[in-house]
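> There's a structure below that I have some questions on.
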Amino acid sequence: MARPGGATGRRQEAGRRALAGGLGAVLACAVVASAGCGAGTPSGPPKSVPRFLDAYVRPDGRVARPDQGGDTVSEGQAYGLLLAEANGDDSAFRRIWAWTRDHLELRSGLFAYHADAAGRVLSRQPASDADVLIAWALLRYGGQGAAAMHRAGRQVAAAILAHEVTTGPHGMPVLTAGPWATGRPASLDPSYWSLTALQGLARLTGQQEWTRLASSAVSITRTLTRNGRLLPPDWAALSSSGVLRAEPAPDGSQPQTQYGPDAQRTVVWFATSCDAGVRKLAARWWPMLQTANRAHALSLRPDGNVLNGTPAPLALVASAAAAHAAGDDHATTDLLHGATAVQRAHPTYYGGAWDALGSVLLTSRGLGAC
0 MARPGGATGR
10 RQEAGRRALA
20 GGLGAVLACA
30 VVASAGCGAG
40 TPSGPPKSVP
50 RFLDAYVRPD
60 GRVARPDQGG
70 DTVSEGQAYG
80 LLLAEANGDD
90 SAFRRIWAWT
100 RDHLELRSGL
110 FAYHADAAGR
120 VLSRQPASDA
130 DVLIAWALLR
140 YGGQGAAAMH
150 RAGRQVAAAI
160 LAHEVTTGPH
170 GMPVLTAGPW
180 ATGRPASLDP
190 SYWSLTALQG
200 LARLTGQQEW
210 TRLASSAVSI
220 TRTLTRNGRL
230 LPPDWAALSS
240 SGVLRAEPAP
250 DGSQPQTQYG
260 PDAQRTVVWF
270 ATSCDAGVRK
280 LAARWWPMLQ
290 TANRAHALSL
300 RPDGNVLNGT
310 PAPLALVASA
320 AAAHAAGDDH
330 ATTDLLHGAT
340 AVQRAHPTYY
350 GGAWDALGSV
360 LLTSRGLGAC
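Just so it is clear: in the sequence shown, position 46 is 45 by numbering that gives the first Met the number 0, and no numbers are missing.
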């Protein structure tokens, strides 16, 4: 069963629409030029965090996707929680959590993936990326009512271990894409493996199963990418015999294996790991991503050939992350400014979220600090 809602396909369609609005001029300035772009250059990337909260978090705490019909996904609620916490906005954090709990929380302790603009659930299937980040955000929170948030975070963490984990090669635990994905073949989305969040959950819950999940994520990603010689795929499958293979999205939204709007998150999570060996793996993706046509492309083949050259903020953030891991600070800064420029020229929920997350993860502010 595919992830509910065809998320990968919708992200690609949103990216195609980003060609409108004169982005060629924006990219010529902010992406391929290495020295400043004059008065039109976006100011420091950290401002993208309050911009995202102001633009996409509704007064009741729902994180809306206006470019996709005004709906909401659990992933967006998770991003909202993390960004509110990173921005020190306790009021926004509490509102986002209250809406998430009241509208998306399931009896299992996980969260329904998809709701409409009125808050009516459209898909009750959870997505483990959202569940992991929600648990991590709740356990990180230090504002008013923190004790209750921490209890809720521990409950979500326990539900993930109970419902979203399968057994991989050599008996290692593997985080799958959701409860629907734990059978055989198991469906895996490597971009769901936020190593910082997994290690954070190990520390905050005292449960070392989270450390084992982080270790399996690294091991599987090394296998899928031939130790960094290929880019990570959006999706992969784990067979009953323990064989791993990259594959197209299980919902049928893409016809071939690709490095696209899901897999680009893998590069960010790995490049911002506190493990030097993992950052070294992320640095191996920089040679494939450093040319301008690849750095901003919505999707590539795992070997780096361009599939869809549409400029996308997350693609630029991922390329910035690879540059960061490789020690190229100048390219990191340029690419993060490029992501902000593309987002400002054609605002989207997903682009705004990753423009903001990239700024805090790659500039040693908040979430990215080891």
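From the three backbone atoms N, C-alpha and C, an ideal C-beta is built for every residue, glycine too.
1) What residue from LEU223, TRP179, ALA291 and ALA281 has the CA that sits closest to THR165's CA?
2) Rounded to the nearest angstrom, how far is the Cβ of GLN76 from that of ALA156, given a contact under 8 Å?
3) Using three-state DSSP, classify GLU246 as helix, strand or coil.
4) LEU230 and TRP284: beta carbons closer than 8 Å?
5) How big is the Cα-Cα spacing for ASP115 and LEU288?
6) Using 8 Å as the cut-off, can you tell me whether the region 258-267 makes contact with the region 295-311, which would need three or more C-beta pairs spanning the two stretches below that distance?
7) Here's the rule: buried if 16 or more other CB atoms are within 10 angstroms of the residue's CB, otherwise exposed. What is HIS329?
8) Could you please give the first and the last residue of the uninterrupted alpha helix (DSSP H) stretch that includes PRO286?
9) Could you pull out every residue in the same chain whose Cβ sits closer than 7 Å to the Cβ of GLN207, ignoring the five residues on either side in sequence?
10) Does the Cβ-Cβ distance between PHE51 and ALA311 come in under 8 Å?
11) Using DSSP bridges, identify the partner residues of PRO172.
12) Give me the residue from THR71, ALA134 and PRO254 with the minimum Cα distance to LEU306.
13) Could you check what DSSP says for PRO58 in three-state terms: helix, strand or coil?
14) Let me confirm a value: SER73 is counted as buried when at least 16 other C-beta atoms fall within 10 Å, else exposed. Which label applies?
15) Three-state secondary structure (DSSP) at PRO310?
16) Please confirm whether any heavy atom of the ligand ZN lies closer than 7 Å to the CB of SER298.
17) Could you tell me the alpha carbon to alpha carbon distance between THR40 and LEU335, rounded to whole angstroms?
18) Could you round the C-beta distance between ALA196 and LEU103 to whole angstroms and report it? I think they count as a contact, below 8 Å.
19) For GLY308, tell me which candidate among GLY326, LEU203 and ARG293 has the shortest Cα-Cα distance.
20) Going by DSSP in three states, THR195 sits in which element: helix, strand or coil?
21) Buried or exposed, going by whether 16 or more other CB atoms sit within 10 Å of the CB of THR126?
Looking at the coordinates:
1) TRP179
2) That belief does not hold up - the Cβ atoms of GLN76 and ALA156 are roughly 16 Å apart, past 8 Å.
3) strand
4) yes
5) 36 Å
6) yes
7) exposed
8) 285-288
9) ALA201
10) no
11) THR166
12) PRO254
13) coil
14) buried
15) strand
16) The ligand ZN is absent from the structure shown, which contains no ligand whatsoever.
17) Note on THR40: pLDDT 36, under 50, position unreliable in the model; the coordinate value appears next. Each residue's alpha carbon lies about 11 Å from the other.
18) Wrong, their Cβ atoms sit about 18 Å apart, outside the cutoff.
19) ARG293
20) helix
21) Sequence check: residue 126 is Ala here, not Thr. Looking at its Cβ environment, which holds 16 or more other Cβ atoms inside 10 Å, ALA126 is buried.
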